[in-house]
Every structure is written in C-alpha cells, then in structure tokens.
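**Q** Chains as they are written, first to last, in the working numbering: chain D, 641 to 923; chain L, -9 to 161.
The beta carbon of each residue, even a glycine, is placed where N, CA and C say it ideally should be.
Small disclaimer: the values here were computed from a predicted structure and weren't measured.
Below: one structure in structure tokens.
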Amino acid sequence: MEDVLIEKKPAIAGNSFSGELQKTANELLQSGEVELFIGYEEGTRFPRPCFIASTDEVGKLIFDDRCTGNLAVYLTRKDLIGDKKVGITASYFALRSILRLLTEHQIQLDKLVVLTVSAEKEVIRFATTDDITAYLQTAPIPVREDDKALIEKLNAMSREERWEFWSAELSKCFKCYACRAACPMCYCTKCIVEENRPQWIQPWASTLANIEWHINRAMHMTGRCADCGACGAACPLGLPIHLLSHQIVQEVTDNFALDVNQAVSGDNALSTFKPEDKENFIK
Amino acid sequence: MGRLGGALMSEFEPKIVAFVCNWCTYAGADLTGTSRIKYASNVKIVRFPCTGRIDFMLLLKAFAEGADGIIVSGCHPNDCHYTSGNFHARRRWVIFRGLLNFMGIDVNRIQFSWVSAAEGAKWADVVNGTVTTIRELGPYTEYRKAADYLVQQDKSIIDGQEALIKSVSSL
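Next comes the structure, spelled out in structure tokens:
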C-alpha cells in the first residue's frame, strides 16, 4: 500500500496550466513579493492544500477542477501565516470567501496576492476587490450535481419527512467540528459551543445538541456563506450539512434580493435592514 | 412542570411560551388584563427589552423544554422604542423560519405578530388563535423526542457516576 502512495508523483510542469501557475508562484516567491504561497498539491485521493515557502517546492503546485476545498480558511490563521505576505490560488468559492473576509476586515489585500485559474486555463491575478467581483459575475459557477439532486428530493418531501431525514442525519454527528475548522467564516476565537455561561448548546453529541449546533452554524453564516460546501466535504460522516448553509444563501437571495456575490461583499444581511423588507408570516 | 407526553388529545392543553418586547406587546398584554378581556391561560409570557434581543436559541430551548407553541411579538414596524430593533428581528425571523422549515421543524407552531401597547384586544386574539392552532396540531412530541434522548443520556451518565462513586467508596 505504502509503495503505491509513494509512487504517485505530483502532476508537474507537463500540465500546462499548472506550469503557468508554478511559474507565477516562482516569480512571486523569488522577488519576495510573497513569503508563503498557499495552493494545492496532489494528494493520495484528492488534491490537498500545500504551503510553499521556497521556490524549490513550486513544482508540486497544481490547480484543476478537483481543487474544490476552500483555501481562504487559512488566511485568518495567524499561527500559520503570522505577518507574512501570502499568495493564494483561490477557487471560485474561495474568492467569495476572500471578499467576505475583506468586508469583515479580517484580512488585508495589500498583504495578499490572490490568484485563480480561469476556465480558459489562464492564471489571473486580482489587484482590487472590484476585479474579484467582476470575475465572480462573469465566471461560470461550479455546479454540484449530487447536491442539486438531494435538494430536489428534500423539497419534494413533506415537512414530517424532512424532519425524519434531518434528525436521523444529525443524530450521527459526533461534534468533531471539522465543519467549523473547514469554514473560512468560522474564525471566531470563542465559538458559541465553547460558551458555557450560559451553556447554550450541550457539549456532548446528542440529537438535540447536534441539531442546535447545526442551526447555529447555519444562522451565523447568514449573508456570509460563500456556498462552497467545504463544511459538508469536511464532514467525516458525509452528512449533507452544507445544504443548511446553502438554504440560508437561498433565503437571503429570495427574501432580501441579495444574490450571494452581493451579500458577501456588502454589509451583513442580519445587521442591516430595509423598512420595506417583505414577509408573509407576521400577523 | 411535568411534560404532557402521555396526555390524551381531548385533554391536551397546549403549553405556549410568548417572547414579547417590553414596550409594545408586554404593555398590550397588560392592557388586555386591565380591560378585563378573558383569554386562554396557556401562555407564559417572557418579557424582553426589544424583539431585537430575542435570540433564536431561546425559541429552540422553549421547544426542547416542553413548549408546544411559541408566540414572538413586538412593536409594529416604525414603532420600535429603539428605532430599528424590530426591523432587525424581522430579518432574523425570515431566515430562521426558512431554515427551520427546510429542516422539517414545524414553523406553524411559531406565531409571529406585531401587537402595540394599545392593542389589548389583538393580544387576546393572538393568544386564543395560537392556542386553537396548537390544540389542532397536538403536542410537539416530535421535537421533544430529540430532547428526551438527552434526558436519557443524562440519566445514564448520572447512574454511571453513582456506580463509580459506590465502587470507589467500597474500596
């Protein structure tokens, strides 16, 4: 087994757009414009994040459709990046997260080199937030077919069936908080689940406490979620918890007329309001 | 307060928790009383400074602890004592209600309303209406099943600790 893993060579310069990305990363590191480059390298099953501090290692950088993890999560990790100038290859969704982190003053654009690889396999460097916004509006949004199918299935269910589905799914959660660790928006130094005065959510993994945790997680994402699905992808049990935050994205779009790209770059959806906001359930 | 799990439907008296703001609905409910309007006694009122202060977790806690229905009520739009608390609350409830519905939590058990300090009669209507709706829906055992799991776990933990103490003290 080990031999197989070792034999698996990273995809390097032969792949043309990885080649261009590697060239760009090499230049950035050589000129000292960035001290750390966050990108993807080939993993055993999927591409995985890699952190490159010297030009010797740029050869392992890759970027393709399989690179769906949200690397923006590392940008708020002070223990990892300190005061370093950082370069990052951002997927479509990571770009949204970067916009949100900028809006929330968690990162500074002058200490950051944001790159992406377009569908035309072109390395794009973003100079301003407007550039990112413009790219997000024109670039195709990656579609997750299996999510679409599950959402359709859920929407066709009765309320009782949906409750049956979610309480059964969430009863399996054992609160490893991988969903929280994978999310660029979960950068709070003290999370509600660590709060014990009062103890809002019981710390052990029981159905009720799990449901409460996931409702909280989703609610705290309102207007901030990039809809990247990293929370669901990180779940070791494969629970479709990213559909909860996806639903929130949907609610914000439907009710406040803010599409997700507008929501992530604007003021927080829940700390702003319009007197003419519409609802149909307050009597 | 004991839970009503085993009660027959015909005997079912819904437990309603009302989260209301101090300035409008609480005063409105007071007016209902001083106007001597009779209304259902199923409701327990919890007073908040503003609807903007009502955390969604409080609603979840109410359901987990045995509420069959919930009323959330405050000042009409543009009447907030703090200018905009109810506008913020409205946005929060729009999102929260949508999420609960997606997860299959019964949003028909949560009645949102605007009741001003002058609307004593409306408060009586809101409470009576909610009690009627919840009476038809029955006890919310579905959600409490998730909560009861916790109670069982608590019990097994306590039993385990007692057994441990016993075994240690017998050494």
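Looking at the structure shown, is residue 818/D part of a helix, part of a strand, or coil, going by DSSP?
**A** Here residue 818/D corresponds to residue number 178 of the first sequence, with the count starting at 1. Of the three classes helix, strand and coil, the one that applies to residue 818/D here is helix, per DSSP.
**Q** Under a CB-based cut-off of 8 Å, is residue 94/L close to chain D?
**A** Within the second sequence, numbered from 1, the residue matching residue 94/L stands at position 104. So, interface residue.
**Q** Take every Cβ of the segment 18 to 31 of chain L, pair it with every Cβ of the segment 87 to 99 of chain L, and state whether three or more of those distances are shorter than 8 Å.
**A** Not touching, per the Cβ criterion.
**Q** Taking C-beta pairs closer than 8 Å, name the residues in chain D that residue 89/L reaches, listed in chain order.
**A** Numbered from its first residue, the second sequence carries residue 89/L at position 99. Per Cβ cutoff of 8 Å: 855, 858, 859, 884, 887, 888 and 891.
**Q** Would you report the Cα separation of residue 42/L and residue 675/D, rounded to the nearest angstrom?
**A** Residue numbering aside, residue 42/L sits at position 52 when the second sequence is read from its first letter. Residue numbering aside, residue 675/D sits at position 35 when the first sequence is read from its first letter. Using only the alpha carbons, I get a separation of about 45 Å.
**Q** Taking the alpha carbon of residue 6/L as the reference point, which residue from 127/L, 149/L, 105/L and 77/L has its own alpha carbon closest?
**A** By one-based count along the second sequence, residue 6/L stands at place 16. Comparing Cα positions, the closest option is 127/L.
**Q** For residue 642/D, name the three-state secondary structure that DSSP assigns.
**A** Position 2 of the first sequence, counted from the start, is the residue given in the question as residue 642/D. Because the pLDDT at residue 642/D is just 44, under 50, the model does not fix this residue reliably, and the value given afterwards should be weighed accordingly. DSSP places residue 642/D in helix when its eight states are reduced to three.
**Q** Whose CA, out of 91/L, 1/L and 63/L, lies closest to the CA of residue 112/L?
**A** Position 122 of the second sequence, counting from 1, holds the residue named residue 112/L. Ranking the options by Cα distance to residue 112/L, first place goes to 63/L.
**Q** Given 8 Å as the limit, is there contact between the segment 775 to 788 of chain D and the segment 828 to 836 of chain D, that is, 3 or more CB pairs closer than that?
**A** No: the two stretches stay apart, fewer than three of their Cβ pairs being nearer than 8 Å.
**Q** Is it buried or exposed for residue -8/L, if we count other Cβ within 10 angstroms and need 16 for buried?
**A** Start at 1 with the first residue of the second sequence, and residue -8/L comes out as number 2. Its pLDDT being 44, under 50, residue -8/L is placed unreliably by the model, and nothing is read from it.
**Q** If you count every other CB in all the chains shown that lies within 10 Å of the CB of residue 706/D, and 16 or more means buried, which is it?
**A** Position 66 of the first sequence, counted from the first residue, corresponds to residue 706/D. Answer is exposed; the Cβ neighbour count stays below 16.
**Q** Closest by CA to residue 756/D, which one among 749/D, 747/D, 748/D and 766/D?
**A** Translated into the one-based positions of the first sequence, residue 756/D becomes position 116. Among 749/D, 747/D, 748/D and 766/D, the Cα nearest to that of residue 756/D belongs to 766/D.
**Q** Going by other Cβ atoms of all chains shown within 10 Å of its Cβ, with 16 needed for buried, is residue 880/D buried or exposed?
**A** As a position in the first sequence, residue 880/D is number 240, starting the count at 1. Buried, by the Cβ-count rule.
**Q** If you scan the segment 99 to 137 of chain L from start to end, which runs of the beta strand (DSSP E) of 3 or more residues do you find wholly inside it?
**A** As far as the segment 99 to 137 of chain L is concerned, its whole beta strand (DSSP E) runs of at least 3 residues are 100 to 104.
**Q** Quick check: residue 102/L and residue 691/D, are their CB atoms within less than 8 Å of each other?
**A** Translated into the one-based positions of the second sequence, residue 102/L becomes position 112. Translated into the one-based positions of the first sequence, residue 691/D becomes position 51. Cβ atoms of residue 102/L and residue 691/D: not closer than 8 Å.
**Q** Counting only C-beta atoms, is residue -7/L closer than 8 Å to chain D at any point?
**A** Taking the first residue of the second sequence as position 1, residue -7/L is located at position 3. Because residue -7/L carries a pLDDT of 48, less than 50, the predicted location of this residue cannot be relied on, and the following value inherits that uncertainty. With 8 Å as the cut-off, residue -7/L does not count as an interface residue toward chain D.
**Q** From residue 862/D to residue 888/D, what does the alpha carbon distance come to, in whole angstroms?
**A** Here the question's residue 862/D lines up with position 222 in the first sequence. Here the question's residue 888/D lines up with position 248 in the first sequence. Cα to Cα, residue 862/D sits roughly 6 Å from residue 888/D.
**Q** My output table needs one value for residue 161/L: the three-state DSSP class, helix, strand or coil.
**A** Sequence index remark: in the second sequence, residue 161/L carries index 171 (1-based). DSSP places residue 161/L in coil when its eight states are reduced to three.
**Q** Starting from the C-beta of residue 729/D, find all residues in its chain whose C-beta is less than 6 Å away, skip the five residues before and the five after it, and write them out in chain order.
**A** By 1-based counting over the first sequence, the position of residue 729/D is 89. Cβ within range, chain order: 679, 703 and 755.
**Q** Where do the ends of the alpha helix (DSSP H) carrying residue 871/D lie?
**A** Counting from 1 along the first sequence, the entry for residue 871/D is found at position 231. Where residue 871/D is concerned, the enclosing alpha helix (DSSP H) stretches over 870 to 874.
**Q** Closer than 7 Å: is that where the CB of residue 791/D sits relative to any heavy atom of the ligand FAD?
**A** No copy of the ligand FAD appears in this structure; indeed no ligand is present at all.
**Q** Is it true that the segment 852 to 866 of chain D meets the segment 891 to 908 of chain D, where meeting means three or more beta-carbon pairs spaced less than 8 Å apart?
**A** Contact holds: three or more Cβ-Cβ distances are below 8 Å.
**Q** Determine the DSSP secondary structure at residue 769/D, reduced to helix, strand or coil.
**A** Within the first sequence, residue 769/D is the residue found at index 129, counting from 1. Correct three-state label for residue 769/D: helix.
**Q** Please go through the segment 716 to 745 of chain D and give each complete beta strand (DSSP E) segment of 3 or more residues, from N-terminal end onward.
**A** Qualifying beta strand (DSSP E) stretches, in chain order: 726 to 729.
**Q** Using 8 Å as the limit for Cβ to Cβ distance, is residue 915/D near chain L?
**A** The sequence position of residue 915/D within the first sequence is 275, counting from 1. Residue 915/D counts as touching chain L.
**Q** Could you name the residues of the segment 679 to 695 of chain D whose beta carbon sits closer than 9 Å to any beta carbon of chain L, in the order they occur along the chain?
**A** Residues passing the 9 Å Cβ filter: none.
**Q** Residue 671/D and residue 710/D look like a contact to me (Cβ under 8 Å); what is the Cβ gap, rounded to whole Å?
**A** The sequence position of residue 671/D within the first sequence is 31, counting from 1. The sequence position of residue 710/D within the first sequence is 70, counting from 1. Contact flag wrong, Cβ pair sits at about 27 Å.
**Q** Measuring only between beta-carbons, confirm whether residue 43/L sits less than 8 Å from chain D.
**A** In the second sequence, the residue the question calls residue 43/L occupies position 53. Judged by the 8 Å Cβ criterion, residue 43/L is not in contact with chain D.
**Q** Spell out a yes or no on whether the segment 37 to 52 of chain L and the segment 76 to 84 of chain L are touching, meaning 3 or more CB-CB pairs, one atom from each, closer than 8 Å.
**A** Because the criterion of three Cβ pairs below 8 Å is met, the segment 37 to 52 of chain L and the segment 76 to 84 of chain L touch.
**Q** Is the CB of residue 847/D under 8 Å away from at least one CB in chain L?
**A** Taking the first sequence and counting its residues from 1, one reaches residue 847/D at position 207. For residue 847/D, the answer is yes, since a Cβ of chain L falls inside 8 Å of its Cβ.
**Q** Please report the residue range of the beta strand (DSSP E) in which residue 8/L lies.
**A** Taking the first residue of the second sequence as 1, we reach residue 8/L at position 18. 6 to 11 is the span of the beta strand (DSSP E), which, as asked, contains residue 8/L.
**Q** By Cβ distance below 7 Å, which residues in the same chain neighbour residue 32/L in space, the five residues on each side in sequence not counted?
**A** Within the second sequence, numbered from 1, the residue matching residue 32/L stands at position 42. These residues qualify, in order along the chain: 3, 4, 5, 6 and 121.
**Q** Give the DSSP-derived three-state secondary structure of residue 24/L in the structure shown.
**A** Your numbering for residue 24/L matches position 34 in the second sequence. Reduced to three states, the DSSP call for residue 24/L is helix.
**Q** Which runs of the alpha helix (DSSP H) spanning at least 4 residues fall entirely within the segment 843 to 897 of chain D, listed in chain order?
**A** Correct list: 847 to 859, 870 to 874 and 882 to 896.
**Q** Below 8 Å on the Cβ atoms is my guess for residue 85/L versus residue 892/D; work out the distance and round it to an integer in Å.
**A** Here residue 85/L corresponds to residue number 95 of the second sequence, with the count starting at 1. Here residue 892/D corresponds to residue number 252 of the first sequence, with the count starting at 1. Residue 85/L to residue 892/D, Cβ: 7 Å. Contact.
**Q** Can you check whether the C-beta of residue 84/L is within less than 8 Å of a C-beta belonging to chain D?
**A** Walking along the second sequence from the start, residue 84/L turns up at place 94. Closer than 8 Å: yes.
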